[in-house]
Ligand code: GLA
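Numbering (my numbering), first residue to last: 331 to 704.
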């Protein structure tokens, strides 16, 4: 793109991906999650270009595109909608946006359940907030980014990914209550274990439609339980006892979805406690339990993730494992003893290749800080 010839960036922002330690699909049910940002990130460089409304965005590895701030609409090119969605949402809040040029470079594997989409939305919103002094708070940046995902990308996501990308703190996970947005930073010290991610390299294109379907199924469950318990609003308010009392009125699928979420919320709280007590055996077991629920009751896993989790079960060097993120592929998160990481990765790579003919990708992640200007 032409602007690249004379590009003198005045601001650099890095926006991280995230892992979710535990608490999957609980966020849009107003429950608890336990995510943290990781070292892998998207880097944005910005300059004001002096125009009123002309913007140029170039993403390394993709083509660039230009847009007019007064004429924003959805694009047929998927990744452009992350940018357009954020610009649209910010324009609803302020008229201080002006023309800018921006380059984007990512070292976050796409579609791997590490939330490259939230990193993209939050980094852009954060950068524009700084560049044009928009006065948006961090939480507004989180919410703007989440809305961009709803309106322009089409996933009815919860708030976890954007919250983790912006609000994380090095060496901590965030215990976030998605109902009140109150949160607490829990130190995470797994020594002598490490967090090793195994990327299945599959991202089933079912993901968006099935994701939205899960949300609807949960809402259906809530509507049924509400017949007997008028005061409940979301699944967060539903107890296992209430669910049992309404079980006969719902399909087995709806029952399983709701039951998983109720259990998963409890697991998040137990995990927070286990990490605080540094009880790594309990932490590992909770990961396995969570994966079982994700796979059997919430049905958002896939054969590749199930295989990788099952592969770890008889390995004494692995305390626990589960698929992380929205599901249907992406990465599994594994707690592996530091002395055995190399062996473990090698064995998993061989087994995975033999089973699926896919080259596994493995990497360590470190709980890191959120979006920042550098
Ligand atoms: C995706 C969504 C999040 C959350 C997870 C599942 O990453 O963006 O809001 O629902 O899936 O926990």
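Don't be surprised by glycine CBs; every beta carbon is placed ideally from N, CA and C.
None of the values given here were measured: they were computed from a predicted structure.
Neighbourhood of residue i by C-beta distance below 8 Å, restricted to the same chain and skipping five residues each side
| i | result |
| --- | --- |
| residue 694 | 524, 525, 526, 527 and 671 |
| residue 405 | 395, 411 and 414 |
| residue 679 | 689, 690 and 692 |
| residue 446 | 347, 372, 436, 438, 439 and 440 |
| residue 598 | 352, 353, 356, 361, 362, 363, 364 and 505 |
Interface flag, residue i vs chain C, CB-CB below 8 Å
| i | result |
| --- | --- |
| residue 410 | Absence of chain C from the displayed structure is noted, only one protein chain being present. |
Distance cut-off 7 Å: residue i Cβ against heavy atoms of ligand 1
| i | result |
| --- | --- |
| residue 350 | yes |
| residue 635 | no |
| residue 548 | no |
| residue 418 | no |
| residue 445 | yes |
| residue 355 | yes |
| residue 632 | no |
| residue 491 | yes |
| residue 358 | yes |
| residue 487 | yes |
| residue 650 | no |
| residue 369 | no |
| residue 656 | yes |
8 Å Cβ cutoff met for residue i and residue j
| i | j | result |
| --- | --- | --- |
| residue 529 | residue 691 | yes |
| residue 617 | residue 651 | yes |
| residue 506 | residue 493 | yes |
| residue 478 | residue 658 | no |
| residue 451 | residue 475 | yes |
| residue 550 | residue 584 | yes |
| residue 454 | residue 413 | yes |
| residue 605 | residue 503 | yes |
| residue 436 | residue 368 | no |
| residue 498 | residue 656 | no |
| residue 434 | residue 417 | no |
| residue 392 | residue 409 | yes |
Spatial neighbours of residue i in its chain, beta-carbon cut-off 6 Å, leaving aside the 5 residues before and after
| i | result |
| --- | --- |
| residue 333 | 386 and 431 |
| residue 675 | 692 |
Proximal residues to residue i (C-beta, below 7 Å), its chain only, five neighbours per side dropped
| i | result |
| --- | --- |
| residue 519 | 608 |
| residue 601 | 351, 352, 364, 613 and 616 |
| residue 555 | 562, 568, 572, 573 and 576 |
| residue 632 | 532, 534, 658 and 659 |
| residue 489 | 357, 472, 476 and 508 |
| residue 515 | 499, 502 and 504 |
Residue i beta carbon near ligand 3 (any heavy atom closer than 7 Å)
| i | result |
| --- | --- |
| residue 452 | Ligand 3 is not part of this structure, which contains only ligand 1. |
Answer yes if the segment 451-471 comes into contact with the segment 413-427, meaning at least three C-beta pairs across the two stretches below 8 Å, and no otherwise. yes
Does the pairing of the segment 567-581 with the segment 332-346 give three or more beta-carbon distances under 8 Å? no
Quick one: any contact between the segment 374-381 and the segment 354-366, if contact means 3 or more CB pairs under 8 Å? no
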